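Heads up, the thing below is written out as C-alpha coordinates.
Numbering (my numbering), first residue to last: -13 to 449.
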(Lines of atoms letter the chains of each structure in order from A and count residues from 1; the text may use other names and numbers.)
(Lines give C-alpha, C1' and ligand atoms only; values in the text may rest on other atoms or scores of the structure.)
Protein backbone atom coordinates (compact mmCIF):
# COMPACT_ATOMS: atom_id res chain seq x y z
CA UNK A 1 0.00 0.00 0.00
CA UNK A 2 1.29 3.40 -0.95
CA UNK A 3 1.37 6.38 1.37
CA UNK A 4 -1.00 8.25 -0.95
CA UNK A 5 -3.49 5.36 -0.81
CA UNK A 6 -3.43 5.30 2.99
CA UNK A 7 -3.92 9.07 3.16
CA UNK A 8 -6.97 8.90 0.91
CA UNK A 9 -8.30 5.97 2.93
CA UNK A 10 -7.95 8.00 6.13
CA UNK A 11 -9.73 11.01 4.63
CA UNK A 12 -12.55 8.93 3.13
CA UNK A 13 -13.27 7.12 6.38
CA UNK A 14 -13.19 10.26 8.49
CA UNK A 15 -16.52 11.36 10.01
CA UNK A 16 -15.49 14.97 9.43
CA UNK A 17 -16.60 16.59 6.18
CA UNK A 18 -13.46 17.29 4.13
CA UNK A 19 -13.40 19.03 0.76
CA UNK A 20 -11.23 21.30 -1.39
CA UNK A 21 -12.04 24.00 -3.94
CA UNK A 22 -9.89 25.79 -6.49
CA UNK A 23 -9.73 29.56 -6.92
CA UNK A 24 -12.64 29.35 -9.38
CA UNK A 25 -14.87 27.95 -6.62
CA UNK A 26 -15.00 24.47 -8.18
CA UNK A 27 -14.95 21.30 -6.10
CA UNK A 28 -11.61 19.50 -6.63
CA UNK A 29 -11.77 16.98 -3.74
CA UNK A 30 -14.41 15.63 -1.34
CA UNK A 31 -14.46 12.67 1.04
CA UNK A 32 -17.36 10.27 1.42
CA UNK A 33 -18.84 12.04 4.46
CA UNK A 34 -19.10 15.30 2.52
CA UNK A 35 -20.51 13.69 -0.63
CA UNK A 36 -23.08 11.67 1.33
CA UNK A 37 -24.34 14.77 3.18
CA UNK A 38 -24.56 16.84 0.00
CA UNK A 39 -26.61 14.13 -1.70
CA UNK A 40 -28.91 13.89 1.31
CA UNK A 41 -29.33 17.66 1.38
CA UNK A 42 -29.86 18.28 -2.37
CA UNK A 43 -30.86 14.89 -3.73
CA UNK A 44 -28.07 15.18 -6.31
CA UNK A 45 -24.63 13.59 -6.25
CA UNK A 46 -21.84 16.13 -6.07
CA UNK A 47 -19.26 15.84 -8.84
CA UNK A 48 -15.68 17.04 -8.98
CA UNK A 49 -14.68 20.03 -11.12
CA UNK A 50 -18.19 21.46 -10.87
CA UNK A 51 -19.15 24.69 -9.03
CA UNK A 52 -19.20 24.19 -5.27
CA UNK A 53 -22.13 26.55 -4.76
CA UNK A 54 -25.59 25.32 -5.73
CA UNK A 55 -29.14 26.29 -4.87
CA UNK A 56 -31.19 24.43 -2.31
CA UNK A 57 -29.65 25.58 0.97
CA UNK A 58 -31.91 28.50 1.67
CA UNK A 59 -31.95 32.22 1.08
CA UNK A 60 -28.60 33.98 1.35
CA UNK A 61 -26.62 30.76 1.31
CA UNK A 62 -24.68 31.40 -1.92
CA UNK A 63 -23.79 35.00 -0.96
CA UNK A 64 -22.60 34.00 2.51
CA UNK A 65 -20.45 31.08 1.38
CA UNK A 66 -19.00 33.06 -1.52
CA UNK A 67 -17.68 35.53 1.06
CA UNK A 68 -16.21 32.69 3.15
CA UNK A 69 -14.39 31.13 0.21
CA UNK A 70 -13.10 34.47 -1.07
CA UNK A 71 -11.66 35.29 2.36
CA UNK A 72 -9.65 32.06 2.21
CA UNK A 73 -8.63 32.60 -1.43
CA UNK A 74 -7.25 35.98 -0.36
CA UNK A 75 -5.02 34.19 2.16
CA UNK A 76 -7.01 34.23 5.43
CA UNK A 77 -7.03 31.17 7.66
CA UNK A 78 -10.17 31.16 9.87
CA UNK A 79 -12.87 29.11 11.56
CA UNK A 80 -16.64 29.53 11.70
CA UNK A 81 -19.61 27.79 13.29
CA UNK A 82 -22.54 26.84 11.06
CA UNK A 83 -25.73 24.87 11.59
CA UNK A 84 -28.23 23.10 9.35
CA UNK A 85 -31.26 20.86 9.64
CA UNK A 86 -30.36 17.24 8.88
CA UNK A 87 -32.72 15.98 6.12
CA UNK A 88 -33.16 12.53 7.66
CA UNK A 89 -33.66 13.41 11.34
CA UNK A 90 -34.76 17.05 11.05
CA UNK A 91 -32.45 17.77 13.98
CA UNK A 92 -30.25 20.85 14.03
CA UNK A 93 -26.60 19.92 13.46
CA UNK A 94 -23.68 22.20 14.32
CA UNK A 95 -20.30 22.17 12.62
CA UNK A 96 -17.02 23.96 13.26
CA UNK A 97 -15.59 24.67 9.79
CA UNK A 98 -11.94 25.43 9.09
CA UNK A 99 -10.85 27.30 5.92
CA UNK A 100 -7.17 26.82 5.10
CA UNK A 101 -5.55 28.45 2.00
CA UNK A 102 -3.20 26.10 0.05
CA UNK A 103 -0.23 27.49 -1.88
CA UNK A 104 1.58 26.08 -4.91
CA UNK A 105 5.26 26.08 -5.87
CA UNK A 106 5.21 29.80 -6.63
CA UNK A 107 3.64 30.58 -3.19
CA UNK A 108 0.42 31.56 -4.88
CA UNK A 109 -2.86 30.27 -3.47
CA UNK A 110 -4.15 27.49 -5.68
CA UNK A 111 -6.89 25.95 -3.54
CA UNK A 112 -8.75 26.09 -0.23
CA UNK A 113 -8.98 23.05 2.07
CA UNK A 114 -12.15 22.89 4.18
CA UNK A 115 -12.95 20.66 7.13
CA UNK A 116 -16.21 20.57 9.11
CA UNK A 117 -16.16 18.91 12.53
CA UNK A 118 -19.46 17.93 14.16
CA UNK A 119 -19.81 19.93 17.39
CA UNK A 120 -23.54 19.37 17.92
CA UNK A 121 -23.04 17.68 21.28
CA UNK A 122 -20.67 20.42 22.47
CA UNK A 123 -23.04 23.18 21.37
CA UNK A 124 -25.98 21.52 23.10
CA UNK A 125 -23.98 21.12 26.29
CA UNK A 126 -22.89 24.74 26.02
CA UNK A 127 -26.49 25.77 25.41
CA UNK A 128 -27.68 23.83 28.45
CA UNK A 129 -24.91 25.37 30.52
CA UNK A 130 -25.91 28.84 29.32
CA UNK A 131 -29.54 28.12 30.14
CA UNK A 132 -28.49 27.01 33.60
CA UNK A 133 -26.37 30.14 34.00
CA UNK A 134 -29.21 32.35 32.80
CA UNK A 135 -31.66 30.69 35.18
CA UNK A 136 -29.66 31.63 38.26
CA UNK A 137 -30.31 34.86 40.17
CA UNK A 138 -26.56 35.50 40.53
CA UNK A 139 -24.46 37.26 37.91
CA UNK A 140 -21.84 34.95 36.38
CA UNK A 141 -19.16 36.71 34.36
CA UNK A 142 -15.62 36.37 33.03
CA UNK A 143 -13.21 39.30 32.73
CA UNK A 144 -10.02 39.38 30.66
CA UNK A 145 -6.59 40.87 31.40
CA UNK A 146 -7.69 44.25 30.06
CA UNK A 147 -10.55 44.36 32.59
CA UNK A 148 -13.28 43.88 29.99
CA UNK A 149 -16.27 41.57 30.25
CA UNK A 150 -15.88 38.47 28.06
CA UNK A 151 -19.02 36.67 29.21
CA UNK A 152 -22.02 37.80 31.27
CA UNK A 153 -25.18 35.79 31.98
CA UNK A 154 -28.76 37.04 31.84
CA UNK A 155 -28.91 37.86 35.58
CA UNK A 156 -27.11 41.11 34.71
CA UNK A 157 -30.44 42.42 33.41
CA UNK A 158 -32.12 42.31 36.81
CA UNK A 159 -29.03 43.09 38.86
CA UNK A 160 -27.39 45.87 36.83
CA UNK A 161 -30.03 46.77 34.24
CA UNK A 162 -27.82 45.83 31.26
CA UNK A 163 -28.30 43.15 28.62
CA UNK A 164 -25.33 40.74 28.44
CA UNK A 165 -24.47 41.95 24.92
CA UNK A 166 -24.29 45.53 26.22
CA UNK A 167 -21.61 44.53 28.70
CA UNK A 168 -19.41 42.19 26.63
CA UNK A 169 -16.29 44.13 25.67
CA UNK A 170 -17.06 46.86 28.21
CA UNK A 171 -14.63 47.66 31.05
CA UNK A 172 -16.09 46.54 34.38
CA UNK A 173 -14.41 49.55 36.03
CA UNK A 174 -16.82 51.84 34.15
CA UNK A 175 -19.66 50.56 36.34
CA UNK A 176 -17.98 50.96 39.73
CA UNK A 177 -19.17 53.74 42.01
CA UNK A 178 -16.31 56.24 42.26
CA UNK A 179 -15.70 55.89 46.00
CA UNK A 180 -15.44 52.09 45.60
CA UNK A 181 -12.76 52.22 42.87
CA UNK A 182 -9.64 52.18 45.14
CA UNK A 183 -10.67 49.16 47.20
CA UNK A 184 -11.87 47.32 44.05
CA UNK A 185 -8.47 47.91 42.44
CA UNK A 186 -6.76 46.49 45.54
CA UNK A 187 -8.98 43.40 45.43
CA UNK A 188 -8.25 42.90 41.72
CA UNK A 189 -4.51 42.88 42.49
CA UNK A 190 -5.10 40.28 45.21
CA UNK A 191 -7.19 38.11 42.87
CA UNK A 192 -4.56 38.22 40.12
CA UNK A 193 -1.89 37.26 42.63
CA UNK A 194 -3.73 33.98 43.21
CA UNK A 195 -6.03 34.74 46.13
CA UNK A 196 -9.57 33.34 46.00
CA UNK A 197 -11.89 36.14 47.11
CA UNK A 198 -15.14 34.94 48.67
CA UNK A 199 -16.72 37.98 50.33
CA UNK A 200 -15.97 41.30 48.68
CA UNK A 201 -18.56 44.08 48.48
CA UNK A 202 -18.70 47.00 46.08
CA UNK A 203 -21.35 49.07 44.32
CA UNK A 204 -22.15 49.50 40.63
CA UNK A 205 -24.01 52.28 38.85
CA UNK A 206 -27.02 50.60 37.25
CA UNK A 207 -28.23 51.57 33.79
CA UNK A 208 -31.16 53.50 35.30
CA UNK A 209 -28.85 55.50 37.58
CA UNK A 210 -29.63 53.64 40.79
CA UNK A 211 -27.07 51.65 42.78
CA UNK A 212 -26.46 47.88 42.77
CA UNK A 213 -24.84 46.30 45.82
CA UNK A 214 -22.54 43.46 44.73
CA UNK A 215 -21.37 40.64 46.97
CA UNK A 216 -18.50 39.07 44.98
CA UNK A 217 -16.60 35.80 44.93
CA UNK A 218 -13.85 35.58 42.31
CA UNK A 219 -10.67 33.80 41.21
CA UNK A 220 -8.07 34.27 38.48
CA UNK A 221 -7.14 31.50 35.99
CA UNK A 222 -3.60 32.23 34.87
CA UNK A 223 -3.72 29.62 32.08
CA UNK A 224 -6.53 31.27 30.15
CA UNK A 225 -5.87 34.75 31.59
CA UNK A 226 -9.46 35.18 32.74
CA UNK A 227 -11.12 36.17 36.01
CA UNK A 228 -14.15 34.05 36.88
CA UNK A 229 -16.55 35.95 39.13
CA UNK A 230 -19.99 35.62 40.70
CA UNK A 231 -21.92 38.64 41.97
CA UNK A 232 -24.88 38.27 44.32
CA UNK A 233 -27.33 41.00 45.24
CA UNK A 234 -25.83 42.12 48.53
CA UNK A 235 -28.27 44.92 49.36
CA UNK A 236 -30.25 42.93 51.92
CA UNK A 237 -27.09 41.58 53.57
CA UNK A 238 -25.45 45.02 53.66
CA UNK A 239 -28.58 46.64 55.10
CA UNK A 240 -28.86 43.86 57.67
CA UNK A 241 -25.20 44.33 58.63
CA UNK A 242 -25.83 48.07 58.93
CA UNK A 243 -28.78 47.41 61.26
CA UNK A 244 -26.63 45.04 63.32
CA UNK A 245 -23.81 47.59 63.43
CA UNK A 246 -26.19 50.34 64.55
CA UNK A 247 -27.62 47.99 67.15
CA UNK A 248 -24.12 47.15 68.40
CA UNK A 249 -23.25 50.86 68.53
CA UNK A 250 -26.41 51.61 70.51
CA UNK A 251 -25.66 48.70 72.85
CA UNK A 252 -22.09 49.93 73.25
CA UNK A 253 -23.32 53.45 74.02
CA UNK A 254 -25.78 52.13 76.59
CA UNK A 255 -23.44 49.62 78.19
CA UNK A 256 -20.18 51.58 78.16
CA UNK A 257 -21.27 55.21 78.28
CA UNK A 258 -24.77 55.13 79.78
CA UNK A 259 -25.88 55.91 83.32
CA UNK A 260 -27.30 52.46 84.01
CA UNK A 261 -25.38 49.54 85.42
CA UNK A 262 -26.09 46.45 83.31
CA UNK A 263 -25.23 43.04 84.72
CA UNK A 264 -26.00 39.42 83.90
CA UNK A 265 -26.59 36.98 86.75
CA UNK A 266 -27.14 33.25 86.87
CA UNK A 267 -30.18 31.78 88.63
CA UNK A 268 -28.34 31.88 92.00
CA UNK A 269 -27.36 35.54 91.66
CA UNK A 270 -23.71 35.02 90.68
CA UNK A 271 -22.23 37.61 88.31
CA UNK A 272 -21.61 36.44 84.73
CA UNK A 273 -21.15 39.86 83.12
CA UNK A 274 -20.87 43.46 84.38
CA UNK A 275 -20.90 46.53 82.12
CA UNK A 276 -18.04 49.07 82.14
CA UNK A 277 -20.44 51.63 83.68
CA UNK A 278 -19.88 49.89 87.03
CA UNK A 279 -16.84 52.13 87.49
CA UNK A 280 -18.93 55.30 87.17
CA UNK A 281 -21.91 54.00 89.16
CA UNK A 282 -20.18 52.16 92.02
CA UNK A 283 -16.47 52.88 91.60
CA UNK A 284 -15.75 49.19 90.98
CA UNK A 285 -14.24 47.69 87.82
CA UNK A 286 -16.30 44.98 86.03
CA UNK A 287 -13.74 42.27 86.79
CA UNK A 288 -14.09 42.90 90.55
CA UNK A 289 -17.66 41.53 90.40
CA UNK A 290 -16.86 38.28 88.60
CA UNK A 291 -16.85 35.41 91.08
CA UNK A 292 -19.04 37.32 93.54
CA UNK A 293 -22.69 36.77 94.40
CA UNK A 294 -24.88 39.87 94.28
CA UNK A 295 -26.20 39.21 97.80
CA UNK A 296 -22.67 39.65 99.20
CA UNK A 297 -22.95 43.36 98.37
CA UNK A 298 -26.61 43.95 99.28
CA UNK A 299 -27.49 45.45 102.69
CA UNK A 300 -28.45 42.67 105.14
CA UNK A 301 -31.84 44.30 105.78
CA UNK A 302 -32.62 44.25 102.03
CA UNK A 303 -31.46 40.71 101.20
CA UNK A 304 -34.81 39.04 101.83
CA UNK A 305 -36.87 41.27 99.50
CA UNK A 306 -34.28 41.15 96.69
CA UNK A 307 -34.01 37.36 97.03
CA UNK A 308 -37.78 37.16 96.59
CA UNK A 309 -37.49 39.14 93.33
CA UNK A 310 -34.72 36.83 92.07
CA UNK A 311 -36.84 33.76 92.79
CA UNK A 312 -39.82 35.41 91.10
CA UNK A 313 -37.92 36.19 87.87
CA UNK A 314 -37.20 32.48 87.28
CA UNK A 315 -40.84 32.00 86.25
CA UNK A 316 -41.61 35.48 84.90
CA UNK A 317 -40.28 37.62 82.05
CA UNK A 318 -39.72 40.86 83.94
CA UNK A 319 -39.67 41.94 87.60
CA UNK A 320 -39.27 45.44 89.03
CA UNK A 321 -37.25 45.16 92.25
CA UNK A 322 -38.11 47.41 95.19
CA UNK A 323 -35.19 49.87 95.81
CA UNK A 324 -32.42 48.33 97.91
CA UNK A 325 -29.05 49.33 99.34
CA UNK A 326 -25.85 48.18 97.62
CA UNK A 327 -22.24 48.57 98.72
CA UNK A 328 -19.83 50.65 96.58
CA UNK A 329 -16.02 50.67 96.51
CA UNK A 330 -15.91 52.90 99.64
CA UNK A 331 -18.13 50.46 101.55
CA UNK A 332 -20.88 53.10 101.41
CA UNK A 333 -24.50 52.08 100.90
CA UNK A 334 -26.01 53.31 97.64
CA UNK A 335 -29.70 52.95 96.81
CA UNK A 336 -30.32 51.09 93.53
CA UNK A 337 -33.45 50.87 91.41
CA UNK A 338 -33.39 47.61 89.39
CA UNK A 339 -35.38 45.86 86.68
CA UNK A 340 -34.75 42.13 86.12
CA UNK A 341 -35.34 40.49 82.71
CA UNK A 342 -35.38 36.71 82.32
CA UNK A 343 -33.11 35.73 79.40
CA UNK A 344 -32.07 32.33 80.69
CA UNK A 345 -33.43 30.68 77.53
CA UNK A 346 -31.70 33.11 75.15
CA UNK A 347 -28.61 31.28 73.78
CA UNK A 348 -26.72 34.57 73.42
CA UNK A 349 -27.27 35.52 77.09
CA UNK A 350 -28.26 32.49 79.22
CA UNK A 351 -28.79 34.61 82.31
CA UNK A 352 -30.87 37.20 84.15
CA UNK A 353 -30.24 40.74 82.91
CA UNK A 354 -30.33 43.41 85.63
CA UNK A 355 -30.62 47.09 84.69
CA UNK A 356 -29.77 49.16 87.78
CA UNK A 357 -29.72 52.90 88.42
CA UNK A 358 -28.31 54.79 91.41
CA UNK A 359 -31.22 56.66 93.07
CA UNK A 360 -29.43 57.53 96.33
CA UNK A 361 -29.79 61.29 95.82
CA UNK A 362 -33.48 60.89 95.03
CA UNK A 363 -34.03 58.74 98.15
CA UNK A 364 -32.15 61.25 100.34
CA UNK A 365 -34.17 64.15 98.95
CA UNK A 366 -37.36 62.24 99.60
CA UNK A 367 -36.30 61.55 103.18
CA UNK A 368 -35.43 65.22 103.70
CA UNK A 369 -38.80 66.30 102.32
CA UNK A 370 -40.56 63.82 104.59
CA UNK A 371 -38.59 65.17 107.55
CA UNK A 372 -39.39 68.76 106.60
CA UNK A 373 -43.06 67.89 106.15
CA UNK A 374 -43.05 66.29 109.59
CA UNK A 375 -41.53 69.44 111.12
CA UNK A 376 -44.00 71.73 109.34
CA UNK A 377 -46.95 69.55 110.25
CA UNK A 378 -46.15 69.29 113.94
CA UNK A 379 -44.87 72.84 114.68
CA UNK A 380 -47.05 75.21 116.74
CA UNK A 381 -46.41 78.03 114.25
CA UNK A 382 -49.01 78.66 111.55
CA UNK A 383 -47.53 77.89 108.10
CA UNK A 384 -49.00 78.33 104.64
CA UNK A 385 -47.24 77.81 101.31
CA UNK A 386 -48.33 79.49 98.06
CA UNK A 387 -47.41 79.34 94.41
CA UNK A 388 -44.55 81.62 93.37
CA UNK A 389 -46.70 83.39 90.77
CA UNK A 390 -48.79 85.22 89.54
CA UNK A 391 -47.87 88.53 91.16
CA UNK A 392 -50.95 90.47 89.97
CA UNK A 393 -54.54 90.06 91.19
CA UNK A 394 -55.82 87.66 92.39
CA UNK A 395 -52.25 86.63 93.31
CA UNK A 396 -50.63 83.24 93.97
CA UNK A 397 -52.83 80.48 95.35
CA UNK A 398 -52.34 78.57 98.60
CA UNK A 399 -51.05 75.02 98.01
CA UNK A 400 -50.39 73.87 101.64
CA UNK A 401 -51.43 74.77 105.20
CA UNK A 402 -50.43 72.99 108.40
CA UNK A 403 -52.61 72.06 111.39
CA UNK A 404 -51.51 75.13 113.35
CA UNK A 405 -52.89 77.32 110.53
CA UNK A 406 -56.30 75.66 110.62
CA UNK A 407 -56.37 75.91 114.42
CA UNK A 408 -55.40 79.59 114.34
CA UNK A 409 -57.68 80.76 111.50
CA UNK A 410 -60.63 78.41 111.74
CA UNK A 411 -60.31 77.52 108.05
CA UNK A 412 -59.91 73.88 107.10
CA UNK A 413 -57.15 72.90 104.68
CA UNK A 414 -59.78 72.21 101.99
CA UNK A 415 -61.23 75.71 102.46
CA UNK A 416 -57.84 77.43 102.24
CA UNK A 417 -56.06 75.50 99.46
CA UNK A 418 -56.74 77.08 96.07
CA UNK A 419 -57.54 80.50 97.57
CA UNK A 420 -55.12 83.43 97.94
CA UNK A 421 -53.71 84.81 101.22
CA UNK A 422 -55.90 87.88 100.62
CA UNK A 423 -58.73 85.84 102.15
CA UNK A 424 -57.12 86.59 105.54
CA UNK A 425 -56.91 90.36 105.03
CA UNK A 426 -59.49 92.92 106.14
CA UNK A 427 -60.16 96.60 106.93
CA UNK A 428 -57.46 96.92 109.57
CA UNK A 429 -54.71 95.03 107.68
CA UNK A 430 -51.59 97.17 107.13
CA UNK A 431 -51.94 98.06 103.42
CA UNK A 432 -48.59 99.84 103.29
CA UNK A 433 -46.69 96.85 104.68
CA UNK A 434 -48.61 94.44 102.46
CA UNK A 435 -47.61 96.53 99.41
CA UNK A 436 -43.94 96.34 100.48
CA UNK A 437 -44.30 92.56 100.94
CA UNK A 438 -45.78 92.26 97.43
CA UNK A 439 -42.88 94.23 95.94
CA UNK A 440 -40.31 92.08 97.75
CA UNK A 441 -41.97 88.92 96.41
CA UNK A 442 -41.81 90.35 92.87
CA UNK A 443 -38.06 90.88 93.40
CA UNK A 444 -37.69 87.36 94.85
CA UNK A 445 -36.46 88.88 98.13
CA UNK A 446 -37.25 87.85 101.73
CA UNK A 447 -39.42 90.28 103.75
CA UNK A 448 -40.96 90.34 107.22
CA UNK A 449 -44.05 92.31 108.26
CA UNK A 450 -46.47 92.57 111.17
CA UNK A 451 -50.13 93.05 110.34
CA UNK A 452 -53.67 92.17 111.34
CA UNK A 453 -55.34 89.14 109.71
CA UNK A 454 -58.87 87.86 110.14
CA UNK A 455 -60.12 84.45 111.21
CA UNK A 456 -62.99 82.67 109.49
CA UNK A 457 -65.39 84.01 112.13
CA UNK A 458 -64.17 87.59 111.50
CA UNK A 459 -62.07 87.85 114.65
CA UNK A 460 -58.83 89.85 114.27
CA UNK A 461 -55.42 88.40 115.15
CA UNK A 462 -51.86 89.68 114.80
CA UNK A 463 -49.25 87.91 112.66
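All C-beta atoms, glycine included, are put in the ideal place defined by N, C-alpha and C.
Model, not experiment: these values are computed from the prediction.
Tell me the rounded alpha-carbon separation between residue i and residue j.
i: residue 222; j: residue 197; result: 13 Å
i: residue 312; j: residue 449; result: 48 Å
i: residue 321; j: residue 285; result: 10 Å
i: residue 439; j: residue 372; result: 17 Å
i: residue 58; j: residue 101; result: 13 Å
i: residue 132; j: residue 157; result: 8 Å
i: residue 219; j: residue 105; result: 36 Å
i: residue 339; j: residue 183; result: 40 Å
i: residue 6; j: residue 125; result: 44 Å
i: residue 162; j: residue 201; result: 13 Å
i: residue 149; j: residue 137; result: 11 Å
i: residue 190; j: residue 146; result: 7 Å
i: residue 180; j: residue 270; result: 52 Å
i: residue 432; j: residue 367; result: 18 Å
i: residue 64; j: residue 88; result: 13 Å
i: residue 97; j: residue 103; result: 20 Å
i: residue 168; j: residue 178; result: 16 Å
i: residue 350; j: residue 318; result: 14 Å
i: residue 316; j: residue 164; result: 57 Å
i: residue 419; j: residue 356; result: 34 Å
i: residue 304; j: residue 297; result: 12 Å
i: residue 341; j: residue 247; result: 6 Å
i: residue 393; j: residue 402; result: 12 Å
Looking at the structure shown, is residue i part of a helix, part of a strand, or coil, going by DSSP?
i: residue 356; result: helix
i: residue 332; result: coil
i: residue 136; result: strand
i: residue 382; result: coil
i: residue 40; result: coil
i: residue 51; result: helix
i: residue 166; result: helix
i: residue 295; result: helix
i: residue 250; result: strand
i: residue 87; result: strand
i: residue 199; result: strand
i: residue 156; result: coil
i: residue 215; result: strand
i: residue 344; result: strand
i: residue 317; result: coil
i: residue 268; result: helix
i: residue 374; result: coil
Check for me: the alpha helix (DSSP H) holding residue i runs from which residue to which?
i: residue 145; result: 141 to 146
i: residue 273; result: 272 to 275
Counting only C-beta atoms, is residue i closer than 9 Å to chain C at any point?
i: residue 298; result: Going by chain labels, chain C is absent from the structure shown, which holds only one protein chain.
Determine the extent of the beta strand (DSSP E) in which residue i is found, giving its start and end residues.
i: residue 263; result: Where residue 263 is concerned, there is no enclosing beta strand (DSSP E), given that its DSSP letter is neither H nor E.
i: residue 368; result: No beta strand (DSSP E) holds residue 368; DSSP gives it neither H nor E.
i: residue 16; result: 13 to 16
i: residue 122; result: Counting along the chain, residue 122 falls outside any beta strand (DSSP E), and DSSP gives it neither H nor E.
i: residue 311; result: 304 to 313
i: residue 101; result: 95 to 104
i: residue 424; result: Per DSSP, residue 424 belongs to no beta strand (DSSP E); it is in the alpha helix (DSSP H), 417 to 428.
i: residue 191; result: 183 to 191
i: residue 394; result: Element bounds for residue 394: not the beta strand (DSSP E) but the alpha helix (DSSP H), 389 to 395.
i: residue 446; result: 446 to 448
i: residue 401; result: Not the beta strand (DSSP E): residue 401 falls in the alpha helix (DSSP H), residues 399 to 402.
Run the CB neighbour count on residue i, radius 10 Å, all protein chains shown included, and call it buried at 16 or more, exposed below.
i: residue 380; result: exposed
i: residue 378; result: exposed
i: residue 127; result: buried
i: residue 430; result: exposed
i: residue 17; result: buried
i: residue 30; result: exposed
i: residue 199; result: buried
i: residue 299; result: buried
i: residue 75; result: exposed
i: residue 447; result: exposed
i: residue 334; result: exposed
i: residue 81; result: buried
i: residue 328; result: buried
i: residue 210; result: exposed
Can you name, in chain order, every residue of its own chain whose Cβ lies under 7 Å from the Cβ of residue i, other than the five neighbours on each side?
i: residue 173; result: 183 and 186
i: residue 282; result: none
i: residue 442; result: 395, 396 and 397
i: residue 52; result: 39
Can you list, in chain order, the residues of its chain whose CB lies under 6 Å from that of residue i, leaving out five sequence neighbours each side?
i: residue 40; result: none
i: residue 268; result: 314
i: residue 370; result: 384, 387 and 391
i: residue 415; result: 437 and 438
i: residue 250; result: 258, 259, 337 and 339
i: residue 426; result: 433
Sorted by chain position, which residues of the same chain lie with C-beta nearer than 8 Å to residue i's C-beta, five sequence neighbours on each side aside?
i: residue 289; result: 281
i: residue 345; result: 309, 321, 322 and 323
i: residue 225; result: none
Given 8 Å as the limit, tell me if residue i has its C-beta closer than that to any heavy atom belonging to the ligand NAP.
i: residue 436; result: Here there are no bound small molecules, and the ligand NAP is not part of this structure.
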